[in-house]
Amino acid sequence: MLIKILGSGCAKCNRLEQLTREAVAELGLDARFEHVREMEQIMAYPIMTTPALVVDEQVLVSGRMPSQEELRGWLQPR
Amino acid sequence: MDGLVMALQGGLDSLASYLAAHVLLCLVPAFFIAGALSALVPQQAIIRFLGPTAPKWMSYSAAAGAGSLLAVCSCTIQPLFAGIYKKGAGLGPAITFLFFAPAANILALAYTGVALGAEFAIARILLALAFGIGIGMIMAILFHDADLARLGDAATFTDAGGVPGKTLAFVGMLVALLLAGTLKLDILKSVVFACELPWSGAAAVQQTLDRWVPVNEAVGAEGLSLQGAALIALLAAIAALAWRGLGTVDAGFNRLTPLALGLTVLTLAFAALGVRVEAAGLVVSLTGRTLAVAACALALIPLARRFDVWDIQQWLWETWRFVKQIFPLLIVGVFLVGVIRVFIQPEWIRALAGANTVLANLSGVLFGVFMYFPTLVEVPIAKMFLSLGMHPGPLIAYLMADPELSLQSILITAAIIGKLRAWTYVGLVALFSTVAGLTYGAWVDGMPGWQLAAVVLGFVAGIVGVLHLIEGRRRAARGENAC
Numbered sequence: 262m263l264i265k266i267l268g269s270g271c272a273k274c275n276r277l278e279q280l281t282r283e284a285v286a287e288l289g290l291d292a293r294f295e296h297v298r299e300m301e302q303i304m305a306y307p308i309m310t311t312p313a314l315v316v317d318e319q320v321l322v323s324g325r326m327p328s329q330e331e332l333r334g335w336l337q338p339r
Numbered sequence: 083m084d085g086l087v088m089a090l091q092g093g094l095d096s097l098a099s100y101l102a103a104h105v106l107l108c109l110v111p112a113f114f115i116a117g118a119l120s121a122l123v124p125q126q127a128i129i130r131f132l133g134p135t136a137p138k139w140m141s142y143s144a145a146a147g148a149g150s151l152l153a154v155c156s157c158t159i160q161p162l163f164a165g166i167y168k169k170g171a172g173l174g175p176a177i178t179f180l181f182f183a184p185a186a187n188i189l190a191l192a193y194t195g196v197a198l199g200a201e202f203a204i205a206r207i208l209l210a211l212a213f214g215i216g217i218g219m220i221m222a223i224l225f226h227d228a229d230l231a232r233l234g235d236a237a238t239f240t241d242a243g244g245v246p247g248k249t250l251a252f253v254g255m256l257v258a259l260l261l262a263g264t265l266k267l268d269i270l271k272s273v274v275f276a277c278e279l280p281w282s283g284a285a286a287v288q289q290t291l292d293r294w295v296p297v298n299e300a301v302g303a304e305g306l307s308l309q310g311a312a313l314i315a316l317l318a319a320i321a322a323l324a325w326r327g328l329g330t331v332d333a334g335f336n337r338l339t340p341l342a343l344g345l346t347v348l349t350l351a352f353a354a355l356g357v358r359v360e361a362a363g364l365v366v367s368l369t370g371r372t373l374a375v376a377a378c379a380l381a382l383i384p385l386a387r388r389f390d391v392w393d394i395q396q397w398l399w400e401t402w403r404f405v406k407q408i409f410p411l412l413i414v415g416v417f418l419v420g421v422i423r424v425f426i427q428p429e430w431i432r433a434l435a436g437a438n439t440v441l442a443n444l445s446g447v448l449f450g451v452f453m454y455f456p457t458l459v460e461v462p463i464a465k466m467f468l469s470l471g472m473h474p475g476p477l478i479a480y481l482m483a484d485p486e487l488s489l490q491s492i493l494i495t496a497a498i499i500g501k502l503r504a505w506t507y508v509g510l511v512a513l514f515s516t517v518a519g520l521t522y523g524a525w526v527d528g529m530p531g532w533q534l535a536a537v538v539l540g541f542v543a544g545i546v547g548v549l550h551l552i553e554g555r556r557r558a559a560r561g562e563n564a565c
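Same order as they appear, the protein sequences are chains D and L.
Residues in the first sequence are numbered from 262 upward in steps of one, following the numbering used here.
Residues in the second sequence are numbered from 83 upward in steps of one, following the numbering used here.
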């Protein structure tokens with residue numbers, strides 16, 4: 262799976278990336294990470310607020326920090 | 083050599099009186115409010131009013147609201163500004179947001195109110211609101227044609243849910259704490275209970291402090307009281323505890339977290355005590371303010387329990403992040419202001435900006451545009467100018483221009499909306515700030531209200547006239563093309 266973190270490089274965005282990496286490691290998933298910092302590319306997604314989490318081109322959350330349980334719930338293979 | 087010592091002394095003096103007097107009761111609660119706004123208010127709740135289909139009055143007021151509620155941190159300003167402009171309500175509200183955000187966030191307002199006086203804070207928010215919306219509308223009309231080309235993506239603005247009631251109650255209580263600590267009401271100043279602590283050494287300690295940090299009313303040096311010195315020590319202790327107690331709170335509460343929070347509340351209550359040094363000892367008086375601060379802080383506990391643990395951890399983490407981001411810059415800034423203060427002769431300021439003239443206001447604006455100070459440092463600088471004899475009018479002109487127009491914000495704006503629009507915006511802000519300073523200065527100087535209203539109305543009518551001309555000419559041009 263391809264995980265994208267959208268954010269201008271602020272503290273929250275780095276924090277979101279760290280949390281997501283932890284969740285991925287915990288679930289033992291095989292995922293590729295990309296931290297998107299370009300404003301143009303961020304604005305191509307239907308979001309207005311960062312940080313945002315995009316998994317396989319689908320926006321899961323934007324503008325707030327999800328909790329670890331929420332993250333695990335989204336990433337869990339179904 | 084003497085000059086160097088004097089400069090360092092000036093810097094330390096200003097830092098000591100700043101930490102003791104201004105920080106605690108205004109900035110500490112303000113940081114907690116900023117953290118709560120950032121962590122607990124869902125951004126979508128405000129953004130949904132900014133969609134391309136929203137009526138004009140709603141999108142302008144939502145843009146101003148987003149400015150004061152969401153944009154405490156610069157990393158929110160940039161994507162929100164781009165988002166409002168490219169997908170949402172268009173250039174006008176985007177400009178309103180950009181203008182309003184730095185002047186009206188809770189940290190800037192609280193600090194302005196305490197350091198310079200409530201009237202400056204009120205003037206700042208009212209003028210920023212009026213001019214933010216005004217400049218936004220002018221920009222929208224000036225660049226009307228190009229603005230139509232963009233289409234909004236309505237899906238971005240759906241979602242929903244308002245702001246939950248528990249968040250409102252929580253933030254409201256934090257604001258009450260801030261007000262209880264800073265408002266200058268008689269009921270808060272009244273003494274409820276006073277007692278005398280026998281301590282013969284108190285007077286000697288105060289004398290030592292006075293020697294280290296001399297009081298000098300003429301240059302605005304406030305000195306350092308015994309209570310102030312104790313507060314600085316307490317602040318240092320909070321910082322040491324919070325480093326781990328709040329800095330790593332998102333990985334779970336640790337033993338230091340309650341300690342750091344408890345010490346913060348104790349410090350706030352202690353700062354609200356009245357402490358007077360007398361020959362025989364200390365007179366400690368419990369004031370209305372002490373009780374109000376303590377009550378508000380205690381009332382936060384049941385309100386906080388209504389949130390998930392995760393939310394509270396986010397709140398504390400965000401709060402500490404703001405402190406780490408802003409506080410060091412502020413300390414360096416205040417120190418440097420104190421150093422520079424030694425070298426500036428009051429006569430220069432008085433000659434340049436001692437009266438409310440167009441030239442004085444323009445120089446206030448120019449200084450604000452070309453000097454870039456980090457967030458909030460504009461306030462101690464304004465305080466320095468005020469104590470050096472600057473007229474309140476030019477001071478407001480400077481306070482309006484400095485946070486709105488920095489190199490950084492001009493570059494961001496230019497990257498998103500283009501150079502021509504960005505520089506038009508800069509020109510408009512400079513013009514409006516000058517007018518704001520002149521108006522406020524005239525009001526302070528005692529100009530009658532009706533005269534002032536007439537001048538402002540004349541200015542607005544002039545702008546509307548010019549815009550009307552532009553509109554008319556554009557319409558004529560379009561008519562020719564069509565034929």
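The C-beta atom is built at its ideal place from N, Cα and C for all residues, glycine as well.
Nothing here was measured: the structure is a model prediction, and the numbers come from that model.
| Asked | Found |
| --- | --- |
| Simplified DSSP assignment, three categories, for residue 355 (chain L) | coil |
| Integer-rounded CB distance, given that residue 165 (chain L) should sit under 8 angstroms from residue 262 (chain D) | About 26 angstroms separates the two Cβ atoms, so there is no contact after all. |
| Contact test: residue 112 (chain L) Cβ vs the ligand HEM heavy atom, cutoff 8 angstroms | Among the components modelled here there is no ligand, and therefore nothing to report on the ligand HEM. |
| Proximity test, Cβ basis, 9 angstroms: residue 268 (chain L) and chain C | Of the protein chains in the structure, D and L, none is chain C. |
| Element boundaries [beta strand (DSSP E), containing residue 275 (chain L)] | 273-280 |
| Residue 409 (chain L) versus residue 458 (chain L): straight-line alpha-carbon distance, rounded | 9 angstroms |
| Nearest-angstrom Cα separation, counted from residue 475 (chain L) out to residue 346 (chain L) | 37 angstroms |
| In chain order, each beta strand (DSSP E) run of at least 3 residues that lies wholly inside the region 95-149 of chain L | none |
| Through-space distance from residue 249 (chain L) to residue 283 (chain D), alpha-carbon basis | 29 angstroms |
| Unbroken alpha helix (DSSP H) run spanning residue 387 (chain L), endpoints | Unbroken run through residue 387 (chain L): none, as it is neither H nor E. |
| Whole-Å CB distance - residue 281 (chain D) paired with residue 161 (chain L), under 8 angstroms assumed | The Cβ separation is near 19 angstroms, so there is no contact. |
| Extent of the continuous beta strand (DSSP E) to which residue 313 (chain D) belongs | 313-316 |
| Under 9 angstroms from the C-beta of residue 136 (chain L): neighbouring residues of chain D | Those within 9 angstroms of residue 136 (chain L) in chain D number zero; the least Cβ separation is about 13 angstroms. |
| Straight-line gap, residue 216 (chain L) to residue 178 (chain L) (C-alpha atoms, nearest Å) | 8 angstroms |
| Inter-residue spacing [alpha-carbon to alpha-carbon] between residue 94 (chain L) and residue 419 (chain L) | 10 angstroms |
| Cβ of residue 329 (chain D) within 9 angstroms of any chain L Cβ | yes |
| Min CB distance residue 293 (chain D) to chain L below 9 angstroms | no |
| Enclosing alpha helix (DSSP H) for residue 335 (chain L) [first to last residue] | That residue, residue 335 (chain L), is in no alpha helix (DSSP H); it is neither H nor E in DSSP. |
| Spatial distance of residue 297 (chain D) from residue 273 (chain D) (CA atoms) | 14 angstroms |
| Rounded straight-line distance, which links the Cα of residue 483 (chain L) to that of residue 455 (chain L) | 12 angstroms |
| Spatially closest choice to residue 67 (chain L) from L:212, L:405, L:150, L:133, by CA coordinates | Summary: the structure shown does not reach residue 67 (chain L), with chain L confined to residues 83 through 565, and so no result is reported for it. |
| Which residues DSSP lists as bridging residue 319 (chain D), in chain order | D:316 |
| Boundaries of the beta strand (DSSP E) in which residue 486 (chain L) is found, first to last residue | Run containing residue 486 (chain L): none in the beta strand (DSSP E); it sits in the alpha helix (DSSP H), 474-486. |
| 9 angstroms Cβ cutoff, residue 284 (chain D) in contact with chain L | no |
| Chain-ordered residues of the region 292-312 of chain D with a beta carbon less than 7 angstroms from chain L | 300, 303, 304, 307, 308, 309, 310, 311 |
| Alpha-carbon spacing of residue 167 (chain L) relative to residue 175 (chain L), whole angstroms | 8 angstroms |
| One or two residues paired with residue 369 (chain L) in a DSSP bridge | L:273 |
| Cross-strand partners of residue 188 (chain L) (DSSP beta bridge) | Residue 188 (chain L) is not bridged to any residue. |
| Interface partners of residue 334 (chain D) on chain L, CB under 8 angstroms | Within chain L, no residue comes near residue 334 (chain D); the closest Cβ sits about 13 angstroms away, beyond 8 angstroms. |
| Contact set between residue 559 (chain L) and chain D, taken where Cβ atoms lie within less than 8 angstroms | Here the premise fails: no neighbours, minimum Cβ distance about 32 angstroms. |
| Short CB-CB distance (under 9 angstroms) between residue 121 (chain L) and chain D | yes |
| Simplified DSSP state of residue 273 (chain D), which is helix, strand or coil | helix |
| Segments of 4+ residues assigned as alpha helix (DSSP H) that fall wholly inside the region 511-546 of chain L | none |
| Any C-beta of chain L under 9 angstroms from that of residue 326 (chain D) | yes |
| Per-residue DSSP class, three states only, for residue 201 (chain L) | helix |
| Contact belief for residue 447 (chain L) with residue 512 (chain L) at Cβ below 8 angstroms, rounded distance in angstroms | 5 angstroms |
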